[in-house]
Amino acid sequence: MLDLITGAALTVTVTAANRTARADRATTTQEAILKAAERLYAEHGVFAVSNRQVSEAAGQGNNAAVGYHFGTKTDLVRAIEHKHRGPIECLREQMVADTGDSASLRDWVSCLVQPLTDHLAALGNPTWYARFAAQVMTDPAYHNIVVRDALSSPSLVQVIEGMNNCLPELPAEVRAERNIMARNLLMHSCADRERAMAQGGNVPRASWQGAASGLIDAIVGLWMAPVTQESDLI
Numbered sequence: 001m002l003d004l005i006t007g008a009a010l011t012v013t014v015t016a017a018n019r020t021a022r023a024d025r026a027t028t029t030q031e032a033i034l035k036a037a038e039r040l041y042a043e044h045g046v047f048a049v050s051n052r053q054v055s056e057a058a059g060q061g062n063n064a065a066v067g068y069h070f071g072t073k074t075d076l077v078r079a080i081e082h083k084h085r086g087p088i089e090c091l092r093e094q095m096v097a098d099t100g101d102s103a104s105l106r107d108w109v110s111c112l113v114q115p116l117t118d119h120l121a122a123l124g125n126p127t128w129y130a131r132f133a134a135q136v137m138t139d140p141a142y143h144n145i146v147v148r149d150a151l152s153s154p155s156l157v158q159v160i161e162g163m164n165n166c167l168p169e170l171p172a173e174v175r176a177e178r179n180i181m182a183r184n185l186l187m188h189s190c191a192d193r194e195r196a197m198a199q200g201g202n203v204p205r206a207s208w209q210g211a212a213s214g215l216i217d218a219i220v221g222l223w224m225a226p227v228t229q230e231s232d233l234i
C-alpha cells in the first residue's frame with residue numbers, strides 16, 4: 001500500500017513538473033514573438049509584416065506559432081500594446097495622484113508626456129515601442145482599436161479632463177483638433193528620437209528627460225495658441 005501511495009505521489013509530482021515546464025516554454029515563446037513582432041512592426045509597419053515573418057524572427061520553426069499563441073494579428077498588436085501600457089499606466093497613476101487638482105496646464109501635460117518618456121528611458125537602447133506605436137496610430141486597420149483601448153485608462157481620462165479644465169474657453173472643435181495634434185506630436189517625436197538613437201545618430205537632447213521637457217513646452221504652447229476665427233480668414 002505504501003508503494004502505491006508513493007508511486008501515485010511521484011506521478012503527481014512529475015505531472016505537475018511537466019506542466020510547469022510546458023508553461024515556462026510557452027511563456028518564453030510568447031515573449032520571443034512579442035519582441036520580434038514589436039521590432040518588425042516598428043521598422044516596417046504592421047501591414048507589411050506577415051505572421052510567418054514574425055514566427056521566423058522569433059526563432060520558431062512552426063510558422064503558425066503566432067496564431068497558436070496569440071490568435072489574429074490584431075490580437076498580437078493588442079498584446080504588444082498591453083505589455084507596455086501596464087508600466088506606463090503605473091507611472092501615470094502616480095503622477096496624477098501627485099498632481100491632485102492642479103490648475104496648471106503644464107502639470108497635466110507632464111502627466112501625458114512623462115510616463116511614456118520615462119518608460120522608454122527605462123527600456124534602454126535600442127527600443128522599438130515608440131516607433132511601433134507611431135506605425136499603429138497611422139494604420140487605419142488598428143488606429144481606432146488602440147485609441148479606444150487607451151481611453152479605457154482611468155488615469156488618461158483624468159489627464160484629459162485636467163487639461164480641459166485648464167482651457168474652459170477653448171471651443172470644442174478646436175479642442176478636438178489640438179488633441180489630435182498633441183497626440184501626433186508626442187508619438188512621432190518620440191518615434192523619431194528612438195529611431196535616431198537606435199541608428200547611433202544625433203538627437204537634440206541628451207536624455208529622455210530632456211526630450212520630455214521639450215515636448216511639454218511644445219504641447220503647452222500648442223494648447224495655449226490663439227484661436228483664429230473663421231470670419232477673420234475672409
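Heads up: the sequence shown begins at 1 in the UniProt record's numbering, then just goes up one per residue. Even glycine gets a Cβ: it sits at the ideal position worked out from N, Cα and C. The model shown is predicted, which means the values in this text are computed figures rather than measured ones.
Ranked by how close their Cα comes to the Cα of A133, the residues H143, E177 and P126 have H143 in first place. Ranked by how close their Cα comes to the Cα of G210, the residues A48, K35, S110 and T138 have S110 in first place. Taking a cut-off of 8 Å for Cβ pairs, the segment 61-73 and the segment 89-108 do not touch, as fewer than three such pairs fall below it. For L215, the secondary structure class from DSSP, reduced to helix, strand or coil, is helix. A straight-line Cα-Cα distance of about 21 Å links V157 and G221.
T99 and D107 have their alpha carbons spaced roughly 7 Å apart. Setting aside the 5 residues that flank it on each side, L120 is surrounded in the same chain by T127, Y129, A130, C190, E194 and W208, each with a C-beta closer than 8 Å to its C-beta; the list follows chain order. Distance from the CA of L76 to the CA of A64, rounded to the nearest whole angstrom, comes to 13 Å.
The Cβ-Cβ distance between R78 and D149 falls below 9 Å.
Here N63 carries a coil assignment [DSSP, helix/strand/coil].
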